[in-house]
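*Asks:*
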Amino acid sequence: MTLTAAMMLQAGGPDPMWLDGRASLTYNLLMGTIKGSAQMSMSVGEKCVPPRTSPFDFPIILDTYPNEGETTQIDPFISPTATFTTAIDDEISVPDVNGNTHRLKPRLKEFSLTPLDANSNSGLQDDRYDQLSDDGYSAVYNPEKPLTGSGPDVGKRKNWRYKVIVGADEYDPILGMWKPVMLNNRVWEEKVEIEFRTTKLPDSIPSDLIPKSVPFKNQEFFMQEEITALSPGRIMILDDLESDYFYDEKDGKEFEYFAVFKQASNQEEIAREPLVYLNYQGMYSIPDFDNNKNILSRSSGKRLPLPI
Numbered sequence: 127m128t129l130t131a132a133m134m135l136q137a138g139g140p141d142p143m144w145l146d147g148r149a150s151l152t153y154n155l156l157m158g159t160i161k162g163s164a165q166m167s168m169s170v171g172e173k174c175v176p177p178r179t180s181p182f183d184f185p186i187i188l189d190t191y192p193n194e195g196e197t198t199q200i201d202p203f204i205s206p207t208a209t210f211t212t213a214i215d216d217e218i219s220v221p222d223v224n225g226n227t228h229r230l231k232p233r234l235k236e237f238s239l240t241p242l243d244a245n246s247n248s249g250l251q252d253d254r255y256d257q258l259s260d261d262g263y264s265a266v267y268n269p270e271k272p273l274t275g276s277g278p279d280v281g282k283r284k285n286w287r288y289k290v291i292v293g294a295d296e297y298d299p300i301l302g303m304w305k306p307v308m309l310n311n312r313v314w315e316e317k318v319e320i321e322f323r324t325t326k327l328p329d330s331i332p333s334d335l336i337p338k339s340v341p342f343k344n345q346e347f348f349m350q351e352e353i354t355a356l357s358p359g360r361i362m363i364l365d366d367l368e369s370d371y372f373y374d375e376k377d378g379k380e381f382e383y384f385a386v387f388k389q390a391s392n393q394e395e396i397a398r399e400p401l402v403y404l405n406y407q408g409m410y411s412i413p414d415f416d417n418n419k420n421i422l423s424r425s426s427g428k429r430l431p432l433p434i
């Protein structure tokens with residue numbers, strides 16, 4: 127006697143709970159004297175399959191910074207980032223519930239930063255840098271300027287909207303081309319949108335934005351004629367921060383700038399020289415100092431007295 131049974135079932139739950147499927151039975155008795163087969167369908171409850179919301183069945187955007195957990199007190203020099211669960215622009219094969227396989231490519235549709243307040247820096251992407259990493263698993267938005275105010279609000283904290291949108295293309299074997307993925311009669315996309323607020327611009331320029339200074343940090347020796355009227359002391363900063371750190375007027379008040387020199391041992395001021403900012407560098411004269419003395423130099427702004 128030979129008896130074989132097989133079942134194929136689908137089920138879902140918990141609300142509503144349902145089961146749907148088919149069963150098949152074959153039998154062979156008395157060396158084939160009695161043999162046959164039988165099939166039956168079974169259904170319990172009302173079948174309910176949730177609509178597809180993504181062609182991948184998993185999120186593509188893994189994380190962002192800033193994110194929903196950190197939206198205040200954000201560093202104004204931040205470069206917003208996004209990471210992905212699979213490489214952008216790389217082809218992957220994804221099966222569906224019917225057993226068909228789809229050739230898909232995720233792609234970065236939008237990666238943007240928008241100021242939400244008046245008198246803000248533009249937030250434009252610095253075109254010297256690519257947004258997407260070489261491996262496609264992350265993207266970085268490099269703003270041209272710090273994310274603070276400009277003009278009358280120079281250096282002040284501001285609000286921003288950061289947006290990451292991922293779409294997908296599917297290969298159509300009949301047309302022999304890639305087409306945008308459609309779900310529920312709409313072009314599919316996955317979006318993360320974060321609004322955040324930066325702090326004001328720090329009073330001190332971060333060291334990584336100062337590629338060169340004369341004298342340089344911890345310089346111990348000077349060559350003869352190294353410092354002259356034609357080659358004075360200077361400080362260079364990146365990203366054209368002239369309007370952010372060297373402004374003539376702020377909040378209706380005028381400013382002038384100095385290079386201040388102090389004894390390293392006791393912070394006693396030795397000299398103060400006018401500083402002029404031109405062509406991305408602040409220039410100032412360096413006075414004569416005694417040999418073998420540790421000197422601190424600092425660029426500083428001073429508010430001018432109001433006219434009488």
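Per the working numbering, the very first residue in the sequence shown carries number 127; after that it's consecutive.
Glycine included, each C-beta is placed from N, C-alpha and C at the ideal position.
Of the choices D216, A244, P202 and S391, whose alpha-carbon is the least far from that of R323?
*Replies:* Here residue 323 refers to the residue found at position 197 when the sequence shown is read from its first residue. It is P202 whose Cα lies nearest to the Cα of R323.
*Asks:* Whole angstroms are fine: how far does the CA of S246 sit from the CA of G277?
*Replies:* Counting from one through the sequence shown, the residue named residue 277 turns up at place 151. Counting from one through the sequence shown, the residue named residue 246 turns up at place 120. Those two C-alpha atoms are separated by around 8 Å.
*Asks:* Return the chain-ordered list of same chain residues with a C-beta closer than 6 Å to the C-beta of L432, the five sequence neighbours on each side being excluded.
*Replies:* Residue numbering aside, residue 432 sits at position 306 when the sequence shown is read from its first letter. Model confidence at L432 stands at a pLDDT of 42, short of 50, so the residue's coordinates are unreliable; what they give is reported in the following sentence. Cβ neighbours of L432 beyond the five flanking positions: none.
*Asks:* Name the two residues that bound the continuous alpha helix (DSSP H) containing S369.
*Replies:* Stepping through the sequence shown from its first residue, residue 369 is reached at position 243. Here the alpha helix (DSSP H) through S369 covers E368 to Y371.
*Asks:* Distance check for Y410 and D329, CA to CA, integer angstroms please.
*Replies:* Start at 1 with the first residue of the sequence shown, and residue 329 comes out as number 203. Start at 1 with the first residue of the sequence shown, and residue 410 comes out as number 284. Taking the straight line joining both Cα atoms gives about 20 Å.
*Asks:* So is Y403 buried or exposed if we call it buried at 16+ other beta carbons inside 10 Å?
*Replies:* The residue you call residue 403 lines up with position 277 of the sequence shown. Y403 comes out buried.
*Asks:* So if DSSP puts A244 in a beta bridge, which residue, or which two residues, is it bridged to?
*Replies:* In the sequence shown, the residue the question calls residue 244 occupies position 118. According to DSSP, A244 bridges with nothing at all.
*Asks:* Tell me, to the nearest whole angstrom, how far the beta carbon of P272 is from that of L327; I am working on the premise that it is less than 8 Å.
*Replies:* In the sequence shown, residue 272 corresponds to position 146, counting from 1. In the sequence shown, residue 327 corresponds to position 201, counting from 1. That pair is a contact at about 6 Å.
*Asks:* On the criterion of 16 or more Cβ atoms from any shown chain inside 10 Å, does E240 qualify as buried, or is it exposed?
*Replies:* Reading the sequence shown from its first residue, position 114 is the one you call residue 240. Looking at the sequence shown, residue 240 is not Glu but Thr. T240 is exposed by the Cβ-count criterion.
*Asks:* Please identify the residue among M143, W144, A164 and I160 whose C-alpha is closest to the C-alpha of L151.
*Replies:* Residue mapping note: residue 151 aligns to position 25 of the sequence shown, counting from 1. Cα-wise, what sits closest to L151 is A164.
*Asks:* Can you say whether N181 is buried or exposed, counting buried as having 16 or more other CB atoms within 10 angstroms of its CB?
*Replies:* What you label residue 181 is simply residue 55 of the sequence shown in a count that begins at 1. Going by the sequence as given, residue 181 is Pro instead of Asn. Buried, since its Cβ has 16 or more Cβ neighbours within 10 Å.
*Asks:* Could you pull the DSSP bridge partners for T209 from this structure?
*Replies:* On the sequence shown, position 83 is the one that residue 209 refers to. Bridge partners of T209: D189 and S264.
*Asks:* Can you look up S238 in the DSSP assignment and give me helix, strand or coil?
*Replies:* Against the sequence shown, residue 238 aligns to sequence position 112. Three-state DSSP puts S238 in a strand.
*Asks:* Taking E380 as the reference, which of D146, S259 and F372 has the closest Cα?
*Replies:* Taking the sequence shown and counting its residues from 1, one reaches residue 380 at position 254. Selected option, being the one with the closest Cα: F372.
*Asks:* Assess, as a yes-or-no matter, whether the stretch 221-229 is touched by the stretch 279-290 under the definition of 3 or more beta carbon pairs within less than 8 Å.
*Replies:* They do not touch, by the three-pair rule.
*Asks:* Would you say E124 and T209 are within 8 Å of each other, going by their C-beta atoms?
*Replies:* Within the shown structure, residues of the chain are numbered from 127 to 434, placing residue 124 beyond reach of any answer.
*Asks:* Hey, how far is the Cα of S248 from the Cα of Y406?
*Replies:* To locate residue 248, count along the sequence shown from 1; it is residue 122. To locate residue 406, count along the sequence shown from 1; it is residue 280. For S248 and Y406, the distance between alpha carbons rounds to 19 Å.
*Asks:* How close, in whole Å, do the beta carbons of I361 and S333 come, if the pair is a contact with beta carbons under 8 Å?
*Replies:* On the sequence shown, residue 361 is found 235 positions in, with the first residue counted as 1. On the sequence shown, residue 333 is found 207 positions in, with the first residue counted as 1. Rounded, the Cβ-Cβ distance is 11 Å, inconsistent with contact.
*Asks:* By the 10 Å Cβ neighbour count, where 16 or more other Cβ atoms means buried, how is G302 classified, buried or exposed?
*Replies:* Translated into positions along the sequence shown, residue 302 becomes position 176. Burial call: exposed.
*Asks:* Give the DSSP bridge partners of F159, in chain order.
*Replies:* The residue labelled residue 159 in the question sits at position 33 within the sequence shown. First, the amino acid is wrong: residue 159 is Thr here, not Phe. The partner list for T159 (beta bridge, DSSP) is empty, contrary to what the question assumes.
*Asks:* Assign D298 to one of three DSSP states: helix, strand, or coil.
*Replies:* The residue you call residue 298 lines up with position 172 of the sequence shown. Strand.
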